[in-house]
Structure formats: structure tokens, C-alpha cells
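Novice: Can you keep this structure in mind? I'll have questions shortly.
Protein chains in written order, with the working numbering: chain H, 9 to 837; chain X, 233 to 597.
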């Protein structure tokens, strides 16, 4: 339960549920003519993409790669490069990466396909400022932004997917990449536009429209390797628009995918016992060497949208079983222990966190007053399914059945949001909006399985001493059944105890942001947001009336020379405590909730230089560069203190709020040379905390290199990604002592005491992915093969919580080993 | 392996060379001074594993031979890549004490195989000046018996039935860790500037200034302890079907010493110091598509202890395929010529390709 027990399980859902893809009236505004139609058109190579002559939609990718291949080396228009630079909705208006008032990275569908990405986390870890890690073994994977866990807000077509109970954002296989048109990633807080939980970053997923698909796309494939075994996946995506002679345009998009895989089998030692939260740290005892044996995972995903004129209905309904290899404390996913064979039983073990966001959104989007006013309204409901079912202790000699738990946590959010934009006189553009939503979590009970004998023969099961199947042998708060006496203890089966108590919150928010362009090359942006948390878990300690959060932002963007921009930006954000922070049951193998928690605050001062140089010089079409520096301050971070959650510094020296001070440099380069594309990303991180000093568990330097190289233009290209991560420390337990357990049995166990701390020096990593893609029949048929972690780098994930005790993460958590995936796909219709 | 003596040895291996009765080199002061700025990158490491064993790194651009550099540079604004897969058999064979007791010593093939992949990029700034970068990665297979274990479990001993865990092999004397030596990882990236001073129909002359950054995994024999500077003078002679290239240079680096973890007196088992380098190569155009060649690379240690001062030499036979002007495929095979050296690989294989978006007239030759 480390993620659940650990800190920073914050904020109630995003107030920010505002529009995607607002059509920008600022095209003419940018030219100094709010009337729009009279704007003087500049040559394509010079104009901004906020020019209204650019279609807001991306070019019809039918077939998707054709648009890319049309732009040959001789293309000097730069149009495709402009499109690649376009930001559709992360800034709540159409703009460019260079001109946006925040630090934005855009990854388009064709790049996702060409680079062989299979999950969103693979996309994110190549973006400067972002890393990938897991906690709770491999149960809770998530992305880090500026070295901070659970600090990003995931938006799907502008709707927040922030989980109000646990803040476990799902970024892995659950997001079908083939449905995405663009991934827009914002570094830094985005509180004014997006509200709570856009704490330190935003991931905005824009799905493909029917016109982007215009037919049927499909694919299937399989792969294998140490990292992912026996992996099979198939998908189909349909999209079509119909224009009746009368009535509005009707568009349909429907996606279906199915995947099954075996998580990796990782070697390790079976844990005999360890102290469970919220107990004080104690020894961890290991016994026999084994390998995790997780059960097969599968996933079915249904996504779609239906548009009738200005109204669009979005929906998503994923289902599945997402087993994984390690549980909290890096316990192996193993079942019962067979004392006769001296090994774990071969029956695959259930060990999972099923995280699914199922949602329905109705959107109305239109423009009025000759495009001077745009409105985007959304009505939505999201179910956050977080079924947790994992191994607490695998079966061992002293405890053959082992111990597992299960709790089906479900939380919900329903709300309504309105976003608008208006072209005002005197070169002003106003963004405004508000939202109201209610989010709640019903009480979820925890069930322990302490007498599992699945996989053991009847003979062995009968040999087990009676006490080995009773909960009294384990440190559990198991409720007594009626009729229980001191001399005859009777327990309620499965020991049900509340895991999280029911809680709710209602949030209302209003914001306004103005962009003023005194000169054509200078933009000044300022905004303010008021957001109030009301009801049972109202915000506490907020600046306005205790429950009203006030946020501000400001930016200046100066196009100082040709295609070079300088940007200065201040942004604020906050996270409100998630229900697991306020209403968790400290007697249920997790840390105690604290209803006095206040919001966590973030603010960043950022400066950016970006440029597009080397235009059409020799074979080089363009080189895009970006360097930014940010000083980010986090205040009141929720941490674990005395067995429960607190906003105060962890070392307890005084009553001051916990703080982080982050210095980061993020740089990116993208070279378009001929038909090849080369990308480079770099991140420098220096994180200082006020309770633990320098955060040594984060890599200070990260470099990513990516390429798509046409071996035979328009037919065969090679792609690859090299991710280089500098070394960092991981506080772990060192197995210092050996003894026999039971005494005299000859069975050795090793013990890592609380004081046996080692700062494992994790070596620098080189994760290399290589692939090739071939296209046939005018791109209507394609096949690709990708190899992941070619070097089989046995690296380890960063410990985002810097667990120096260490209690929650006592051993390094390995990254997946090598694997390959072969796909065939196409667009038959 | 625990005590003040060991700590001192770990803190300053060069001093410990004196304490262990070995003679400190006296004629190498200038080399130490030259490498001082590099050595400042960090205190001398404990039992160092910071040796990059790739003695035949790929050349910096597609106009050079496989490992021997030519003075020819890419043309202005020419962008290209060069990627080489390498394999070396027994590239590191020091004499070590054998776990678990350390009573026996033998010359062991500590690294049985090393696989490397160099991803290189070059760009012509002018017709005589170019820059290049190489991102190298590598993977090693170890002799596990010699390598040892980070945690050795001992049977408990009466009367308290407890025992302490130990370490063995190369892990002895190291700060306690719960992870093993990595089998693969990053090697030291290279940044290079190449300048062509002079060229005529038959002669070319230039220099290469090569810098490696100590980002590689130096705990796993994949990187140097410090940054290194590797200047080279490049000479070339061209005839109609014959190219000859000669390189003379040096590697300026901080020292690294591998100690034997089983000997509390701190016996050095291997040492790297600055080196002089040479390279010589010749290629013959057999056909429009195919060339054959021979390349030799050598290293002469400066300032190393006598037992580690053996010069190194490696010889490679090469074949080039040039089906298209923009492409060049190549393969090279050979091995080390000085078997007494710890870094003498018994066999080496290099396979790679070069690609340029806008090659010079005549293609990648």
C-alpha cells in the first residue's frame, strides 16, 4: 500500500474541465484586426499558426503518413513544421509552442507511430522534465514531473482524469495511443486555466476526430521478452463523417482494443515478515530465493465519440485485470509455499491494481458574433475504478498461505464546465470560464485472504497446523465474530475493515485570463482564478475564507528576432488532499487520514528561450531549439508523520510546512533533416527539501535521443530512442544478519534491520529502443517491429518519496527487461 | 577488509601504492599536471572499475576508416550518422584473488564478452571544420565466479545463532550495496572537433580534438573515472585506389587503479594512466562497391607502474561496401597483439554503417 500510505495523495479533482480545441479568433487579433476577415495574410513560412487561414484540424491523415511524406526535403514552406508546433488546447486556445504563455511540448500521432511508442509513459519519458517510476513495487506506475510524484493532471479531451480518492493517474497501456491525435504536455503549474491538481504539469490527450480517421484503421501484433511476456494486442478504429443534405454534420468515432500479456517474472527473495503501515519501522526478514509468478493480465478498451453539429458525446469504458510482478515492499507476486518441495506453488498469483477511468462527456462547442466569441461547455461524469488486490506477504516456510488483501475503491466525479474566449478591442483576447463539480468516494472495505491454499495439494494442506490458517497469527486487526470469547476466538471471515471512509466535496471555480498584445511581437498574459472547495471535505487553510483558493499567473512572450522567442512566466497551482489523505483508516494497513490537511501549493518562475534556426540550409529543413530554466517551490506537501498524513515537515523539528525547492533546466532540440527527424531532450534537476536535504533519489541529468531515419524513403524507416539517465541513490535495507527460522530447522533467513540502511548507488542507465517500420500500398498497409530495452539494462526506478527509513521501499525496483513487439496494421477502408 | 588501513587505501590509492612498497613513478609529473584538471572531477575512487575497455572506438565521421581517422571532413552543412556494433572477446583479464576465500590468485577473464553500440553524428560547419558526437553504450558478460557477490549468506554460529552477511570478489571493500554490477549501460559520450589544415591531390593533414565525458557506468567497466582529452594529428596519403591514414595522439586522463579486495595491503591489479596513441590504416578500392583494408591501433601507457605499462596493439582487417553514395556498410575483425596486457582482447568484431544526407562528390569514400 505504499502509494496509498505514502505522501502526496492529494488533491480533489480538477476544477479544470474546460474546453478542448477552441477555435482561435485570435488569428486576426494577432494581426491587429479583431474583425478577422480582413487580416493581411503573410507568406506561409512566416505566418503564425494562429492565423485563421490554418485549419484548426490537422491535415487529414489519410493515410496518416502521406501528409508527412508529401513534405519532401525541398519543401520550403515550413507548413508541416508549423503544424507540428501547434498547440490545440493545453493553453485553452490554439497557439504555438513558441507563442504559448507556458512551457509546452507537443507530440503528434505520426510521431507516436513512427517512433514505435506503445504506452503514454514511453512518450512522456522522452519529454524534458518528465521521468517514469513506480511505487508499491510495480503496482502503482506513474510519471514524475520535475522529480515530483503524482503532480500532473491528466486531461482527456479537456476533462480531468484526476482520481479524487488515491491520485493514481493511469498512463500505461490503459491509454490506447492509436486514438490520439496529439499529446500536449505542459511543464509547470497550470492552476489558473486548469484549476486544482495541475500542480506541476498537465498531460492533455486530444483524441482523433472522425475526419482524422475517415475509414477504418486496424492493427494486431505480438511480442515477447523479459520485460513483457507473451504479449498480444489487436485494435480497430473507425471514424466517419456524414453530411446530410439537411441538418448538421454527423461524425462517429469508435475504437476497440484488446490486449493480453504476462508480466515479467522477476527473481528475488521471499519476504517472511515486515512491518506494515502505520507501524513503526521494524526488521524485514527474507527467506528463500524465488521468482515472481504473476497471473496473466488482460485489457479491453472501448472508446468513442459521436458528434452532431456542435454537440459531441465522448465515452470510454475500459475493463480488465492488470496483474503485475511486485507488490509493496517489492514482495514477489507468489502464492502459497509448498513445504514439501521447498518452493512456491506454480499457480500464478493475482497481484494487481486495476485502474480504470470510465467516463461520459457531453460537449457543446460553437462560435458566435462572427467568431469573436467562442463557447465550450461540458457536462461530464467519471467513475474512477481502483481495485487493489495484491500480495502483502508471499507464502513462506513459516507462513505457507501467505497474506493478500483486496479492496475495491471507487470514486466518482460529476460536473459542468464552461470555457469561453472573446476577441476584445485594443488587441486583447479574453479567456474566461468556470466549473462546478461534485466528487465523492463511498466507503470501501478491505478484505484479507490469510488462508489461501490454492495450488497446494490436499495432502500438504492437511499437514498445515491449524494456526497457520488463522488470522491471529498475523498482525491484523481482524474483527471478532459474534459469539467469540476470550477462550474461543472467532473471527469474521476475510477480516473486513474499512479501508477508506466515505467522503465528498463540492468545488466551484471561476477564472479569467487576458492576453494583451501591445505590439505584434510582444504578448502579455495575466490571469486569476478563484476556486472554492465546499461540503464535507471543504478546503482548509485556503487564503480566502479558509476554503477559497486564489491563484494567479503572468507571462510575457517576446518574439525578439525572426523565429526566436523569449518567455518569462509565473504560474501557480495547488492540490487539495485526496480522500485517502483525509479519510483513510489507519487501522487498515495504511496510514491514518487527517481531516485537518490543507491544500498543497506550487508556484514556478520560469524563463524560456526557443528558436527555429537553420531553415532550409543544405539538407536541413529546420532545427527547433528550446531551453528553459524554472525555479519551482512546493509548500505544504503532504507527508507521512507519526503514522498519519501531515502538511508539516517530516523531521518534526518545528511546525513549519514541508517544502521543496526545485531548480530545473529543460532543453529540447528537434532536427528535421531531409525526411529524417532527430530529437534531443535534456533535464537537469536539483531538488532541495526542508526536511531531508538534497533529494538524492532523483537523477540530476537525463538525456533522451530519438530518431526516425528513412532507409528507403516512404517505404522503410528505422527508429530508435536512447534514454540516458545519470546515477542516483536509492535508500534501501541491507541484509546484514543471517539466522535460522525456525531455530534448528536449518532454514536460513536474512534480516535487514531498521538501522541497516544502504544508499544504493544506482548506476547510470542506457535504455535503448530500436525499431523499423515498412509501409506498402501507398501506406495502406504497414508493419513494424520494435525492440525495447535492447541492452537489457537492469536499471532501477527512482524512489520518488525518498524513503530514507526505509520502510516502504526496502529494495530497488527494477525496470522491465528487453522485449520486442511485431505489428501489422493498415487502413483497409 | 575493514579498518583504518583499508579506509585510507580506499581514500587515496596512489598513496597506498607507496605504503604497499611499490615505487611511485617520479618521471611522470608532467603527465599528472596535465591531467590535474581532469582528476579534479572527483576523488580517486575506491577499487576502481573505471576502465573503458573499448580500444577500437569508431571514427568520428563517415570519411574516416573504421577506427583510424582521416583528415578529410564532411562538407559544409553535411549531416550524417555512423553506427557501429562491436564485440570483444576477453577484453579484460587481470590477475585476481578467487572467491570465496581469496587464497588463490589467477589471471582471470573477468569480462568474457563486451558488446558495444556507438551512435555517432557528424556535421560539417565549413568545408574544413566539422563537429561530431558519439553516444556509446555497452554490455558486459562477467566471469561470475571471479566477480563475486554483493551479499554472501553465512550459516549462523552458536551460541547466538546469528551471523553477519559478507561480500566476495570485487564487492569486497566496497561500501555496502544491495545491487549487483550492471551488465549493461552507458559508456562515456564523445564530443569531437575535426579540422583539416591542408589537402592536395595526394596528401591531407588535419587534427582531431576528442573529449569524452565521464558519464559512463564506471562501476561496471564501461566508463572512465574522469573526462579524457584525446587529441590526434591526422595524416593521409591518397593514390588512385589506395588510401593510407596515420594518426598520432594521446589520451589525457586521470588514473584509475583496480585493487584486489582480498588483500588488506592493497595490491593493485590494474592501472590506467595517460597514454600515447597511434593508428595506421590502409584501404584499397577493389571495385566500385567494395574496398578492403587493414587498420592498426596502439596505446603506450605513460607513468603506469611497470607491470601495467605494457604497450597495446590491435589489428583489424576491414571490408567496406558502398552500394549508394549516401551509404557505407563495413565490417572489421581482428584482435589484440600483446597477450600479456590485461586489456588485450583475443578477438574483436566491428559491424556498422555510415549515412550522410549530402555526401561529398564521390560518396562516402
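Note that CB positions come from ideal geometry on N, CA and C, so glycine has one too.
Here the structure is a predicted model, which is why all the values come from computation and not from measurement.
For residue 706(H), count neighbouring C-beta atoms within 10 Å of its own C-beta (all shown protein chains included) and say buried if the count is 16 or more, exposed if not.
Specialist: Classification of residue 706(H): buried, given that the 10 Å Cβ count is 16 or more.
Novice: Under 9 Å between beta-carbons, which chain H residues line up against residue 351(X)? List them in chain order, please.
Specialist: By Cβ distance, chain H contributes 713, 715, 728, 730 and 776.
Novice: If you run the structure through DSSP and keep just helix, strand and coil, what is residue 751(H)?
Specialist: DSSP places residue 751(H) in coil when its eight states are reduced to three.
Novice: At which residues does the beta strand (DSSP E) containing residue 846(H) begin and terminate?
Specialist: Residue 846(H) lies beyond the range of chain H shown here (9 to 837); nothing can be said about it.
Novice: Reducing DSSP to helix, strand and coil, say where residue 497(X) ends up.
Specialist: Looking at residue 497(X) - three-state DSSP - the assignment turns out to be coil, as it is neither helix nor strand.
Novice: Whose C-beta lies closer than 7 Å to the C-beta of residue 541(X) among residues of the same chain, with five residues either side of it excluded?
Specialist: Within the same chain, residue 541(X) has close Cβ partners 533.
Novice: Hey, how far is the Cα of residue 601(H) from the Cα of residue 150(H)?
Specialist: Spanning the two alpha carbons is a distance of roughly 22 Å.
Novice: Counting beta carbon pairs with one atom in the stretch 295-308 of chain H and one in the stretch 257-277 of chain H, are three or more of them shorter than 8 Å?
Specialist: Yes: at least three Cβ pairs fall under 8 Å.
Novice: Mind checking if residue 626(H) is an interface residue toward chain X, Cβ cutoff 8 Å exclusive?
Specialist: Output row for residue 626(H): interface = yes.
Novice: Kindly confirm or deny that the stretch 326-339 of chain H and the stretch 355-367 of chain H touch, where touching means at least three C-beta pairs closer than 8 Å.
Specialist: Yes: the two stretches touch, three or more of their Cβ pairs being nearer than 8 Å.
Novice: Compute the Euclidean distance between the alpha carbons of residue 454(H) and residue 590(H), then round it to the nearest angstrom.
Specialist: Cα to Cα, the separation comes out at about 17 Å.
Novice: Throw me the rounded Cβ distance for the residue 478(X) and residue 463(X) pair, which I believe falls under 8 Å.
Specialist: With 8 Å as the limit, residue 478(X) and residue 463(X) do not qualify as a contact, their Cβ atoms being about 15 Å apart.
Novice: Could you tell me whether the Cβ atoms of residue 401(H) and residue 281(H) are closer together than 8 Å?
Specialist: Contact flag set, yes.
Novice: For the pair the stretch 145-161 of chain H and the stretch 197-209 of chain H, tell me if three or more CB-CB distances fall below 8 Å.
Specialist: The stretch 145-161 of chain H vs the stretch 197-209 of chain H: in contact.
Novice: Who are the neighbours of residue 743(H) on chain X, taking C-beta pairs under 9 Å?
Specialist: What residue 743(H) touches in chain X: 383, 385, 397 and 410.
Novice: Within 8 Å, do at least three Cβ pairs link the stretch 301-321 of chain H to the stretch 257-274 of chain H?
Specialist: Touching, per the Cβ criterion.
Novice: Could you check the C-alpha separation between residue 422(H) and residue 449(H) for me, to the nearest Å?
Specialist: One C-alpha to the other measures close to 12 Å.
Novice: With distance defined between alpha-carbon atoms, name the residue in 589(X), 587(X), 427(X) and 565(X) nearest to residue 321(X).
Specialist: For the residues 589(X), 587(X), 427(X) and 565(X), the minimum Cα distance to residue 321(X) belongs to 565(X).
Novice: At a cut of 8 Å, does the stretch 416-425 of chain X reach the stretch 359-373 of chain X through at least three beta carbon pairs?
Specialist: Yes: the two stretches touch, three or more of their Cβ pairs being nearer than 8 Å.
Novice: Quick one, which residues of the stretch 732-766 of chain H are near chain X if we go by CB-CB under 7 Å, in chain order?
Specialist: Per Cβ criterion, the list reads 732, 734, 740, 742, 743, 744, 745, 746, 747, 748, 751, 756, 758 and 766.
Novice: Can you find the residues in the same chain that come closer than 6 Å, C-beta to C-beta, to residue 332(X), ignoring five residues on each side of it along the sequence?
Specialist: The answer, listed in chain order, is 400.
Novice: Short check: CB of residue 442(H) to CB of residue 517(H), under 8 Å?
Specialist: Closer than 8 Å, so yes.
Novice: Does the count of Cβ pairs from the stretch 656-674 of chain H and the stretch 707-724 of chain H closer than 8 Å reach three?
Specialist: Touching, no, given that fewer than three Cβ pairs across the two stretches are closer than 8 Å.
Novice: Residue 337(X): which of 580(X), 544(X) and 377(X) sits nearest, CA to CA?
Specialist: Per the Cα distances, 377(X).
Novice: Since residue 516(H) sits in a beta bridge, which residues does DSSP pair it with?
Specialist: According to DSSP, residue 516(H) bridges with 444(H) and 540(H).
Novice: Helix, strand or coil: which one does DSSP assign to residue 640(H)?
Specialist: Strand at residue 640(H).
Novice: Tell me which residue opens and which closes the alpha helix (DSSP H) that residue 471(H) is part of.
Specialist: It spans 466-471 - the alpha helix (DSSP H) in which residue 471(H) sits, taken as one unbroken run.
Novice: Check whether the Cβ atoms of residue 497(H) and residue 488(H) sit closer than 8 Å, and answer yes or no.
Specialist: Against a cut-off of 8 Å, the Cβ pair of residue 488(H) and residue 497(H) comes out as a contact.
Novice: Can you give me the Cβ contacts of residue 676(H) inside the same chain, cut-off strictly under 6 Å, excluding the 5 residues immediately before and after it?
Specialist: Correct list, in chain order: 136, 634 and 689.
Novice: Listed in chain order, which residues of the stretch 416-427 of chain X have Cβ atoms closer than 7 Å to some Cβ of chain H?
Specialist: The residues in question are 416, 417 and 418.
Novice: Mapping DSSP to helix, strand and coil, what is residue 474(X)?
Specialist: It is a strand residue.
Novice: Count the CB pairs spanning the stretch 649-662 of chain H and the stretch 605-615 of chain H that are closer than 8 Å, and state whether there are at least three.
Specialist: Touching, yes, given that three or more Cβ pairs across the two stretches are closer than 8 Å.
Novice: Any Cβ of chain X within less than 8 Å of the Cβ of residue 820(H)?
Specialist: Cβ-Cβ to chain X under 8 Å: yes for residue 820(H).
Novice: Tell me the start and end of each unbroken beta strand (DSSP E) in the stretch 399-455 of chain X that is at least 3 residues and wholly inside, in chain order.
Specialist: As far as the stretch 399-455 of chain X is concerned, its whole beta strand (DSSP E) runs of at least 3 residues are 416-418, 422-431 and 435-444.
Novice: What are the start and end residues of each continuous beta strand (DSSP E) run of 3 or more residues lying completely inside the stretch 175-230 of chain H, in chain order?
Specialist: Qualifying beta strand (DSSP E) stretches, in chain order: 188-195 and 209-215.
Novice: Name the one or two DSSP bridge partners that residue 331(H) has.
Specialist: Answer is 360(H).
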